[in-house]
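> Quick one: the structure is below, questions incoming.
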Amino acid sequence: MKRFLRGLGIFLALIGVGIISAFAVVALLLRQEEVRVPDFTGQDIVTLIEVLNQQGLQLKVDGRETSATLPRDTVISQVPSPGSGIKKGRHVRVVISLGPSEMQTPPVTGEQFRKADVMIRQAGFFPGTIARVSSGRVERDVVIAQDPRAGSPLDKGGRINLLVSSGKKQQTMIMPRLTGRRAEEAASLIERMGLQRRIVYRPAGSAGQPVERVVVLQKPAPGAPVLPNATVEIVVNK
6 MKRFLRGLGI FLALIGVGII SAFAVVALLL RQEEVRVPDF TGQDIVTLIE VLNQQGLQLK
66 VDGRETSATL PRDTVISQVP SPGSGIKKGR HVRVVISLGP SEMQTPPVTG EQFRKADVMI
126 RQAGFFPGTI ARVSSGRVER DVVIAQDPRA GSPLDKGGRI NLLVSSGKKQ QTMIMPRLTG
186 RRAEEAASLI ERMGLQRRIV YRPAGSAGQP VERVVVLQKP APGAPVLPNA TVEIVVNK
């Protein structure tokens, strides 16, 4: 009887070891059939197919979408996500980029700058470099030219450069010396130059000071550049 029980125990132990070994082998085989999914985002289709073949995986394209950042025929998204485990022979689903969507630039030449800015933004673009130049024919703050030209293809979110009129070029003049002149003479010269005048009177000083109604100070100083219609202030002894 004892010999029988001992034999039965050995038999059951061998069965247990066999079951555990079988589970271990199955688990090992299952692990060997699983691979980690790489990150395919931004990769081109050719590279994608090569890597999938090496991993023993299949490709399924779920669709194509425009992308402002990813070039045409590159991967935008994928399922399963990068790093996930997947069995060999299964499909990796991806969305492929069509590249940026091209749109046509709006015509803004001849428009006021503020209106042109609104038109550009409403069309899906942004103002680029804004250069200003004087013009005797185009009013101030009116768009003289644009780059790219109206109707040109441009990616959504692209920038449109503008050349804007700053109006007629104002000729600067050199401020003459007014100190030492009689007040009437200085005022007349200021007017002839197309400038505005402001006269400030101050009491005449003691002996040795300039005589009455003579310019003793001026602003702007002699030799300074002045624009038409600028104001010149003179201080006159009284």
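Residue numbering for the sequence shown follows the working numbering, beginning at 6 and increasing consecutively. Glycine included, every Cβ here is placed at the ideal spot set by N, Cα and C.
DSSP three-state call for A73: helix, strand or coil?
As a position in the sequence shown, residue 73 is number 68, starting the count at 1. Three-state DSSP puts A73 in coil, outside helix and strand.
> Taking 9 Å as the threshold (C-beta atoms), are V56 and S89 in contact?
Working through the sequence shown from its first residue, we reach residue 89 at position 84. Working through the sequence shown from its first residue, we reach residue 56 at position 51. Against a cut-off of 9 Å, the Cβ pair of V56 and S89 comes out as no contact.
> Span of the beta strand (DSSP E) holding N242?
For the purposes of this step, residue 242 is taken as residue 237 along the sequence shown, with counting starting at 1. That run of the beta strand (DSSP E) goes T236 to N242.
> From I135 to G47, what distance separates their C-alpha atoms?
Translated into positions along the sequence shown, residue 135 becomes position 130. Translated into positions along the sequence shown, residue 47 becomes position 42. C-alpha separation (whole angstroms): 34 Å.
> According to the neighbour-count rule (16 or more other Cβ atoms, all chains shown, within 10 Å of its Cβ), is V66 buried or exposed?
Numbered from 1 along the sequence shown, position 61 holds the residue referred to as residue 66. Exposed, by the Cβ-count rule.
> Does the segment 159-170 come close enough to the segment 122-141 to have 3 or more Cβ pairs within less than 8 Å?
Touching, yes, given that three or more Cβ pairs across the two stretches are closer than 8 Å.
> Counting along the chain, where does the beta strand (DSSP E) carrying K92 start and finish?
In the sequence shown, counting from the first residue as 1, residue 92 sits at position 87. Its beta strand (DSSP E) spans residues G90 to K92.
> State the Cα-Cα distance for the pair D152 and N242, rounded to the nearest angstrom.
In the sequence shown, residue 152 corresponds to position 147, counting from 1. In the sequence shown, residue 242 corresponds to position 237, counting from 1. Each residue's Cα considered, the two are about 59 Å apart.
> Ignore the nearest five residues each way along the sequence and tell me which others in I179's own chain have a CB closer than 7 Å to its CB.
Residue 179 sits at position 174 when you count from the first residue of the sequence shown. Excluding residues within five positions, the ones whose Cβ falls inside 7 Å are G228 and P230.
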